[in-house]
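These protein sequence lines map, in sequence, to chains A and B. If you read the first sequence in our numbering, its first letter stands for residue 1, the second for the next number, and so on. If you read the second sequence in our numbering, its first letter stands for residue 1001, the second for the next number, and so on. C-beta atoms are modelled at their ideal positions from N, C-alpha and C, and glycine is treated no differently. Worksheet: the structure to be examined is printed underneath.
Protein chains: 2
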Amino acid sequence: MENKNLTSNLNVDALFLGPKSENRVFFQEMMDYALREHMHWRADFHPEDAPLVTPVDQHMPDFRNTLYRTEGILRQLSSKLKTTSVPWFSPRYLGHMNADTLMVSNIAYVMTMLYNPNNCAHEASPTTTELEVEVGRDLCTMFGYHPNKSWGHITSGGTVANYEGVWVARNLKTVPLAMAQHPKARDLVAGFSERELLNMSPAAILDLTDELKKRGIFEEVRSLTARGVGVKKGQLGKFLVPMSKHYSWMKAMDVLGIGQENIVPLPVDEHYRTDVAKMREITFRLIEEGTPILGMVSVVGSTEEGSIDHVDEVIRLREECEERYGASFYIHVDAAYGGYVRAMFLDEENRFMEYDELVKRYRAEDIIPAGVAWPKREVYEGFKAMAEVDSITVDPHKVGYVQYAAGAVCMKDKRIVDLISYHAAYVFEECGDDAAEDKKVVLGASIMEGSKAGATAAAVWAAHRLVPLNIAGYGMVIARGIVTADWFHAKLASAEPFVVGHRKFDVRPVMHPDFHMVDFTFKEIGNDCLEDHNRLNKRMYEICSYASGRTYTNDFLTSSTSLASHEYGDTPAIFVRERGFAASEWERVQSVYILRSAVMTHFLRDAQRFEEYWSELRDIFTAKLAQIVEMEEKENEQLAAA
Amino acid sequence: MENKNLTSNLNVDALFLGPKSENRVFFQEMMDYALREHMHWRADFHPEDAPLVTPVDQHMPDFRNTLYRTEGILRQLSSKLKTTSVPWFSPRYLGHMNADTLMVSNIAYVMTMLYNPNNCAHEASPTTTELEVEVGRDLCTMFGYHPNKSWGHITSGGTVANYEGVWVARNLKTVPLAMAQHPKARDLVAGFSERELLNMSPAAILDLTDELKKRGIFEEVRSLTARGVGVKKGQLGKFLVPMSKHYSWMKAMDVLGIGQENIVPLPVDEHYRTDVAKMREITFRLIEEGTPILGMVSVVGSTEEGSIDHVDEVIRLREECEERYGASFYIHVDAAYGGYVRAMFLDEENRFMEYDELVKRYRAEDIIPAGVAWPKREVYEGFKAMAEVDSITVDPHKVGYVQYAAGAVCMKDKRIVDLISYHAAYVFEECGDDAAEDKKVVLGASIMEGSKAGATAAAVWAAHRLVPLNIAGYGMVIARGIVTADWFHAKLASAEPFVVGHRKFDVRPVMHPDFHMVDFTFKEIGNDCLEDHNRLNKRMYEICSYASGRTYTNDFLTSSTSLASHEYGDTPAIFVRERGFAASEWERVQSVYILRSAVMTHFLRDAQRFEEYWSELRDIFTAKLAQIVEMEEKENEQLAAA
């Protein structure tokens, strides 16, 4: 497919190996290059050193035998992988946020892995530590943070990034309390009540830490924060997280010693975004009753729906709380899934474009074609406001199209790192040069994790160099999935029934997506039992996933989830009603089983190709429904016989 | 070098690419195999699907241009890597616990990465989740745990593994308190004081959880533990960690909300092992004064010295505390570095061999030659007792010879996982088959991290299949470094002075190693100033490390550390005295700078080759000392001129 973007020479099809390994010649050539460069590097290290393994050694029976065993194990592994792996690379896979990954990242990983750097310490990774700093800066810039004042780094994934957000929020929150206990810091918070100390804004606290550093008592005060003395049960108040949250937030409350009971779930609206009115109500109520708010989480790309929270409303709410009550709180955005989408709003100078300018450009360059209304205004505002939050989780291994495992966390104000950083004898280094600060800050002493593969940093770095984090790079790649998701939604919304014998089934989307995830369900026409509906969709999932055995021979693969009242309140009742069930069905069952497709493939962006795809998919769906009907009939026969 | 082991056909030289890429033909062939297998797999997926990228597309200017840009970025990366990477693979590198990594692990990683499985959920990694379960079982078996009753999994590294140890210990500790608060559980702990509840043994608490499960109130009680309600400042008591600890333990106390002030550092003895007498004294004192002990850490392979703690004495101490005071505590072993050494004690049936039998076999098979006294009896007992501790951290990316990042944690009793596990709608799966339990337990819901590369699991799995975790596998590989370290120590202990002009320097080891790490220092003969000694060794490190610029042209590379009183008390004073300094020097300086060599290379195990190596190394040391002398003289001239 020819690239229609006038301002960029990036061809999206040339970024990936392709569903038929179409770019195999290039891929193999570059892998070979990576390998050979490293092998020569080894051989050229001290040419005067004799080889330590000779051809005579290499032809000894036990030597050959060891190589044969190695080969045998690798063949066994290959066979295992081929049998059960999931073909993410194919447009036939529309499930989790998985797709083909960037060739450049795969090759960069392999190239770097051979040198085996460890980004825990600069000493063990002189190259890749610096690449990680660069990656952090790329991401901070994408989010609108000031590149010199902010700080970002790679984590093993969004879960650890979320932990790190809670970690800094928690330690920061206890700084004013610690100051009140230190004789040389007390004057800075004189006259404040405990409640006022617990309600200070993150920015104000960070400014106070500057003063502590000037007075030479920063470390002493720091040792009086939660870091030093532990968490005081209940003191830190509540942590507000949307119901659409990833379960890692529950783990975070446990791990960080805060306790899960201190999460206050925020209800979601009909778009599965945090309900702004209810969020405001809950926040005001907590403040009025004297409960501190440790932090608030906004989700940019909910795991199950891809919904984009109103981040701008959260920022506005905090300002309002500061003005009305003098009460502030920490704000973290969980954009593990949706973070890279912010590239779609940035021009080549990384400037966040005005809405009208953006839409005009989308149309002019056919990034978003006519008929596809993206972005919704509120989604646009949500992304724009990310620049103002305290920290952000983002996963390069999701919409960054990098292979696992590569998460990241970005902090708006890098001074916050001092509240969690550590130093150890063998990791600490003194640096005299200009890059000293960068080198120090990346050490395992400044982040939650310790050892980590420098190869991951290289993989993300290479991706960012090839695919800029703006409209001319990731914007173009991600737009393809967004457009396809919109088309997919439209087809599902208007699809004619599927006929299997005398039975008819229809398919409908749960809602119009904010992004590229389409949730949908099948329903037998005439069925008024929600449990039957759920069973049908669960069966559909089972025969369209790894659960049915080999995924390799499957025609279509997807994922699924349950939208249940204990996580979503009564929001799913809206869809259940639209789907034609009586209100009493939702009351009774309290859960709706849905199919879930993240449309990350860039291959269906061509209108004609998509039509063909949909037509095939209709046939596949019909065949799958027929398979389910047959299964049911068999089961009924067996039941009757028994 | 021919393999002299009579019972195994493993050739150690055939496991690695080699310092001159001696095994390049095989390595390249297998990498090529990995790549081609995957590319064919893609192409063969639904042969009826047409390729989505055609040769015409591929010859478009923007397509070619994108490939050229990709190549340019990869060349740039290669150049960066070659300029500053550290040649771990060479015997010229004796520093951190780094060496060449197993070919089979590197190739397995690449092979698997192309399929991009995510071990967070079985659904996203049907193959590699099972490989991770197998790896966990391998490690548990190596540690002497019951393979069906224990549980192990991969982490990003030792830091996260240590966190997980504290996490389970913390939540477990609060179970009895939670039971006392639950109306339907209260009877099980009737009559216990808070102090008694906080002193229950891990095994007794886990047995109680069985009863809670039977009563159907396990989840309710669990929500009353620290997991649900948070940490209550100070309540959990003290966490005892040797002074030789890795700094991740300080991070752990912070992250888990317990507070760093609740670490009680245990002094080390002259071998840099936890001082048993002082450990006992501190423990008894705490119990007698009514302070609960949350847990105790033993270090198997200290980061700076490779010392092996008396784990057996810790087990004995716990038994004694239970008998004398009815007070118990959790025991975690941090064997991030030394864990794999336990393979040296296991026969081919994974039986921990008797001491005499072991030594006999070492001699008979020339695993440990005459003249090398390994293992010391106390080291042997330390390893043996690991089977009795509650959990263990071990890093495949250290002495498992696997590339970064691969850590692991093992739990003796898998019931403990229920105290930290979670489930989320889109990750939870129902399994009906026999392997159901394994499948469920591996999900991101049962561990601290979330997403993680299935490729890591494959890399460790492949290593374990090729190199068994016993005397015939890892034992053989690791023994080579241990023997070489012993020889290296002997050379350092008896080395004649190095002469540079009219100045003379000697070199001496800090102590005889428990394992394969040799610490040593240079000293100018006649110098009686400890600061000068430290400056000399710091300079030596600087010109023998990445700090001097390109490591590639360096003749010898090592690492370094400071043994300072704030971390080690007065233990380093022993060496300082032996080194000929007055006691007042240690009093004044409080720190000794040392060079630090983990001898992981297997290439110097041949006595003749080692003699040649040492002779070259003497010349290198002399030249390095001359370089330092010259630097000093220049500095003195400049000072005089100024």
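query                                                                                                                                                                              : result
Is B/H1040 close to chain A, meaning its C-beta is less than 9 Å from at least one C-beta of that chain?                                                                           : yes
Name the residue from A/Y325, A/S201, A/T155 whose alpha carbon lies nearest to the alpha carbon of A/E289.                                                                        : A/Y325
Name the chain A residues that come within less than 8 Å of B/G1259, Cβ to Cβ?                                                                                                     : A226, R227, G228, V229, G230, V231
Should A/R361 and A/G144 be called a contact, given that it needs their Cβ atoms to be closer than 9 Å?                                                                            : no
Inspect the CB distances between the stretch 1252-1264 of chain B and the stretch 1159-1171 of chain B and report whether three or more fall short of 8 Å.                         : yes
Around the Cβ of A/E132, are there at least 16 other Cβ atoms within 10 angstroms (buried) or fewer (exposed)?                                                                     : buried
Would you mind working out which of A/A43, A/G450, A/V160, A/K376 sits nearest B/E1449, comparing C-alpha positions?                                                               : A/V160
Would you say A/W151 reaches chain B, if we count a Cβ-Cβ gap shorter than 9 Å as a contact?                                                                                       : no
Using a Cβ-Cβ cut-off of less than 7 Å, list which residues of the stretch 1247-1280 of chain B approach chain A; keep chain order.                                                : Y1247, S1248, M1250, K1251, D1254, V1255, L1256, G1257, I1258, G1259, Q1260, E1261, N1262
If you count every other CB in all the chains shown that lies within 10 Å of the CB of A/L177, and 16 or more means buried, which is it?                                           : buried
Count the C-beta pairs between the stretch 1579-1598 of chain B and the stretch 1449-1466 of chain B that are closer than 8 Å, then say yes if the count reaches three, no if not. : no
By the 10 Å Cβ neighbour count, where 16 or more other Cβ atoms means buried, how is A/D438 classified, buried or exposed?                                                         : Annotation note: pLDDT 46 at A/D438 (below 50); position unreliable, no value reported.
Candidates B/N1011, B/I1154, B/D1138, B/E1134: which alpha carbon is nearest A/A405's?                                                                                             : B/I1154
When you compare the CB of A/I73 with every CB in chain B, is at least one pair closer than 9 Å?                                                                                   : yes
Measure the C-alpha to C-alpha separation of A/S643 and A/H533 and round it to an integer number of angstroms.                                                                     : Any answer about residue 643 of chain A is impossible in this case: the structure gives chain A only from 1 up to 642.
Among residues of its own chain, excluding the 5 on either side of A/I367, which ones have a beta-carbon nearer than 6 Å to its beta-carbon?                                       : A479
Select from the stretch 177-189 of chain A all residues with a C-beta closer than 9 Å to any C-beta belonging to chain B, and list them in chain order.                            : none
According to DSSP, is A/W88 helix, strand or coil?                                                                                                                                 : coil
Are the C-beta atoms of A/I420 and some chain B residue less than 9 Å apart?                                                                                                       : yes
Between the beta-carbon of A/E650 and the beta-carbon of B/T1070, is there less than 9 Å?                                                                                          : Past the edges of chain A, shown from 1 to 642, lies residue 650 of chain A, and the structure says nothing about it.
For the stretch 125-147 of chain A, enumerate the residues whose C-beta is nearer than 9 Å to any C-beta of chain B, in chain order.                                               : S125, P126, T127, T128, E130, L131
What residues match up with B/C1410 in a beta bridge as DSSP calls it?                                                                                                             : B/G1152, B/I1392
Tell whether a beta-carbon distance below 9 Å holds between A/S597 and A/F520.                                                                                                     : yes
With a threshold of 9 Å between beta carbons, is A/H96 in contact with chain B?                                                                                                    : yes
Could you check what DSSP says for B/S1421 in three-state terms: helix, strand or coil?                                                                                            : coil
At a Cβ cut of 9 Å, what residues of the stretch 465-478 of chain A count as close to chain B, listed as they run along the chain?                                                 : R465, L466
When Cβ atoms are compared, which residues of the stretch 102-113 of chain A fall closer than 7 Å to chain B?                                                                      : M103, V104, N106, I107, A108, Y109, V110, M111, T112, M113
Would you kindly work out how many angstroms separate the C-alpha atoms of A/E285 and B/S1591, rounded to a whole number?                                                          : Note on residue identity: the sequence assigns Arg, not Glu, to residue 285 of chain A. If you take the alpha carbons of A/R285 and B/S1591, they lie about 56 Å apart.
DSSP state of A/Y426, grouped into three classes?                                                                                                                                  : Because the pLDDT at A/Y426 is just 34, under 50, the model does not fix this residue reliably, and the value given afterwards should be weighed accordingly. Here A/Y426 sits in coil by DSSP.
Going along chain B in order, which residues have a C-beta closer than 7 Å to the C-beta of A/S21?                                                                                 : M1039, R1042, A1043
Hey, out of A/A203, A/P202, A/M179, A/K184, whose CA is closest to A/F192's CA?                                                                                                    : A/M179
Taking 9 Å as the threshold (beta carbon to beta carbon), is A/F581 in contact with chain B?                                                                                       : no
Which class does A/A607 belong to by DSSP, given the choice of helix, strand or coil?                                                                                              : helix
Would you verify that the beta carbon of B/F1027 is, or is not, closer than 9 Å to some beta carbon of chain A?                                                                    : yes
Just list the alpha helix (DSSP H) runs in the stretch 188-242 of chain A, keeping only unbroken ones of 4 residues or longer that don't cross its boundaries, in chain order.     : 194-197, 202-214, 218-222, 226-229
Look at A/G473 and A/L102 and say whether their C-beta atoms are less than 9 Å apart.                                                                                              : no
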